[in-house]
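S.K.: Quick one: the structure is below, and I'll ask about it shortly.
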Ligand SMILES: Cc1cc2nc3c(=O)[nH]c(=O)nc-3n(C[C@H](O)[C@H](O)[C@H](O)COP(=O)(O)OP(=O)(O)OC[C@H]3O[C@@H](n4cnc5c(N)ncnc54)[C@H](O)[C@@H]3O)c2cc1C
Ligand code: FES
Ligand code: FES
């Protein structure tokens, strides 16, 4: 099976990876680049734990081939930290206890950050709609929605 | 446990001709967004040697209105683009918005949705599970576990766009290495869980053509949760009326209850020339729902889906009668 060297843009850095066609972005992020913030859940598109941003839009790393993102730019949860300072969403999730086991949290935060980039002050329904592809097994959805609202409010200051 | 994809070679042609040449190899498979194909490959329901990606073919991109006023939707358009497009009929945009999740809509394509493989509780399972239970008809075995005395597969057509496209009188442009043809979406599907469409493996869906439509249309999707889930039932209806509110044309399509979207021809014929009074809607609902025989092969039992079929048909007809065609969906 064909192997190829890809120049992968992840979190603003270019990584050269030797990989084969059938590997998913999720496998390469976690196994080759040690970016384990992107979680491995169901593997078949149902849970959203593997959500990353591709050119700013949320996609599922378990259902995207790594060779198909070579021309795009990927953002993982690690990439939201700027200059050592957590993103507003990360701080809001931590402060409000919006993470229980935390397994869904990276995906939730990335879906929410794509929403806030588009709509600065989303209403509750818009937040819920943006998070419909992210399942929280601990079911702490209220806190998650409140954390997105808090981050949006702070973003306005 | 990681479910890895089986090894394959990915080829990414940039022209349709090149893609059509590559796909004429029987061990190759087309991939659009992969949101249907990759889970199936991970479960080893199919193991193509070569995947021909349509992602870099410009001819499959974009949505436009042609000289005849038709809305032409490229097969490579994503469901997110479709849901946001001001060019497509509102019923198409809202049906697209009700498919899967935001992440999936960002990669899933129109072509992949229309060619979506049929689904069943017995086939969409990991390899070991299928091995243990015994392979079903669609899996190369000799028994349909849903209807063991059946000689054919009952897997469900679950595409949300197809019923809408049929209701709007849409057609598809297909391209193969040796030429191209246009086929009505209605004729594209057939009620067999294995051979669920009439397309040959070498044909690529290039675009969905929707004739200009000025009537009223709706799509009501019923599913377990208000997001992610496939339809348990979908009812698409599109109709035109004269000044006296009599129906001058209608298409009524029930999705996700068989291996193809089902057109309710008897109900359509009954409705032509009539005003949609309560009695007329009741009779049309009876005609449309009687032949529907959902099987026990998806979320919730078949009796529940059979019971909800007339409920949703009535609601769809009431909606287009009252011009209140805001698409809705409800959870059980
Ligand atoms: C969790 C989850 C929920 C989902 N919910 C829904 C839902 O509610 N409703 C729904 O309709 N679907 C749903 N889907 C299924 C799927 O995501 C969509 O139908 C999607 O539109 C498929 O498009 P794709 O481009 O990803 O298809 P792919 O996986 O790329 O392809 C699907 C099939 O079509 C063939 N194909 C693709 N493009 C073409 C073409 N242009 N010409 C010829 N053949 C082609 C492929 O060979 C393959 O057999 C869901 C999927 C998941 C994982
Ligand atoms: S791991 Fe990708 S959606 Fe669950
Ligand atoms: S916090 Fe545990 S899955 Fe969401």
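Residue numbers (the working numbering), protein chains in the order written: chain A, 1 to 157; chain B, 1001 to 1332. Every residue gets a Cβ at the ideal spot worked out from N, C-alpha and C, and that includes glycine. Owing to the predicted nature of the structure, the values given are computational and were not obtained by experimental measurement.
Taking only three categories from DSSP, how would you classify residue 62 of chain A?
M.R.: Looking up residue 62 of chain A in the first chain gives position 62. Reduced to three states, the DSSP call for residue 62 of chain A is helix.
S.K.: To the nearest angstrom, report how far apart residue 1200 of chain B and residue 52 of chain A are at their CA atoms.
M.R.: In the second chain, residue 1200 of chain B corresponds to position 200, counting from 1. In the first chain, residue 52 of chain A corresponds to position 52, counting from 1. Looking at the two C-alpha atoms, the distance is approximately 36 angstroms.
S.K.: So, is the C-beta of residue 1103 of chain B closer than 9 angstroms to a C-beta in chain C?
M.R.: Within the model displayed, chain C is absent; protein chains A and B are what it includes.
S.K.: Are the segment 72-89 of chain A and the segment 107-119 of chain A in contact at 8 angstroms, needing three or more beta carbon pairs?
M.R.: yes
S.K.: Listing by chain order, which chain B residues have their CB less than 8 angstroms from the CB of residue 132 of chain A?
M.R.: For the purposes of this step, residue 132 of chain A is taken as the residue at position 132 of the first chain. 1101, 1102, 1226, 1227, 1228, listed in chain order.
S.K.: Kindly list, in the order they appear in chain A, the residues whose Cβ is closer than 8 angstroms to that of residue 1003 of chain B.
M.R.: Here residue 1003 of chain B refers to the residue found at position 3 of the second chain. Within chain A, the residues placing a beta-carbon under 8 angstroms from that of residue 1003 of chain B are 43, 44, ordered along the chain.
S.K.: On a CA-only basis, which of A:149, A:68, A:49, A:79 is nearest residue 93 of chain A? Give me that one, please.
M.R.: Translated into the one-based positions of the first chain, residue 93 of chain A becomes position 93. The option with the nearest alpha carbon to residue 93 of chain A is A:149.
S.K.: Below 8 angstroms between beta carbons is the criterion; list the residues of the segment 5-37 of chain A that meet it against any residue of chain B, in chain order.
M.R.: 20, 21, 22, 23, 24, 27
S.K.: So does the segment 1120-1133 of chain B actually touch the segment 1105-1112 of chain B, counting three or more Cβ pairs closer than 8 angstroms?
M.R.: no
S.K.: Consider the C-beta atom of residue 1113 of chain B and the heavy atoms of ligand 1; say whether any pair is separated by less than 8 angstroms.
M.R.: Position 113 of the second chain, counting from 1, holds the residue named residue 1113 of chain B. For ligand 1, at least one heavy atom lies less than 8 angstroms from the Cβ of residue 1113 of chain B.
S.K.: With three or more C-beta pairs closer than 8 angstroms as the rule, is the segment 1039-1050 of chain B touching the segment 1023-1031 of chain B?
M.R.: yes
S.K.: For residue 48 of chain A, which residues in chain B fall below 7 angstroms Cβ to Cβ?
M.R.: Numbered from its first residue, the first chain carries residue 48 of chain A at position 48. Those are 1101, 1103, listed as they occur along chain B.
S.K.: If contacts are defined as beta-carbon pairs under 8 angstroms, then residue 1139 of chain B and residue 1130 of chain B qualify, I think. What distance do you get, rounded to the angstrom?
M.R.: For the purposes of this step, residue 1139 of chain B is taken as residue 139 along the second chain, with counting starting at 1. For the purposes of this step, residue 1130 of chain B is taken as residue 130 along the second chain, with counting starting at 1. Contact holds; Cβ gap of about 6 angstroms.
S.K.: Would you call residue 1113 of chain B buried or exposed, if buried means 16 or more other Cβ atoms sit within 10 Å of its Cβ?
M.R.: Start at 1 with the first residue of the second chain, and residue 1113 of chain B comes out as number 113. By the neighbour-count rule (16 or more Cβ atoms within 10 Å), residue 1113 of chain B is buried.
S.K.: Note down, in chain order, all residues in the segment 1021-1042 of chain B with a beta-carbon under 7 angstroms from any beta-carbon belonging to chain A.
M.R.: 1034, 1035, 1038, 1039, 1042
S.K.: Mind listing the chain B neighbours of residue 2 of chain A? Cutoff is C-beta to C-beta under 8 angstroms, in chain order.
M.R.: Residue 2 of chain A sits at position 2 when you count from the first residue of the first chain. In chain order: 1009, 1010.
S.K.: So what's residue 1241 of chain B in DSSP terms, helix, strand or just coil?
M.R.: Position 241 of the second chain, counting from 1, holds the residue named residue 1241 of chain B. Looking at residue 1241 of chain B - three-state DSSP - the assignment turns out to be strand.
S.K.: My output table needs one value for residue 1063 of chain B: the three-state DSSP class, helix, strand or coil.
M.R.: If you number the second chain from 1, residue 1063 of chain B lands on position 63. The answer is strand: DSSP assigns residue 1063 of chain B an E or B state.
S.K.: What residue ranges within the segment 1005-1078 of chain B form continuous alpha helix (DSSP H) runs of no fewer than 4 residues, ordered along the chain?
M.R.: 1016-1023, 1037-1042
S.K.: Locate the alpha helix (DSSP H) running through residue 1094 of chain B, then write down its first and last residues.
M.R.: Residue 1094 of chain B sits at position 94 when you count from the first residue of the second chain. Unbroken alpha helix (DSSP H) run through residue 1094 of chain B: 1090-1097.
S.K.: Report the neighbours of residue 122 of chain A on chain B: residues whose CB is nearer than 8 angstroms to its CB, in chain order.
M.R.: Start at 1 with the first residue of the first chain, and residue 122 of chain A comes out as number 122. Neighbours of residue 122 of chain A on chain B: none; closest Cβ ~13 angstroms, over 8 angstroms.
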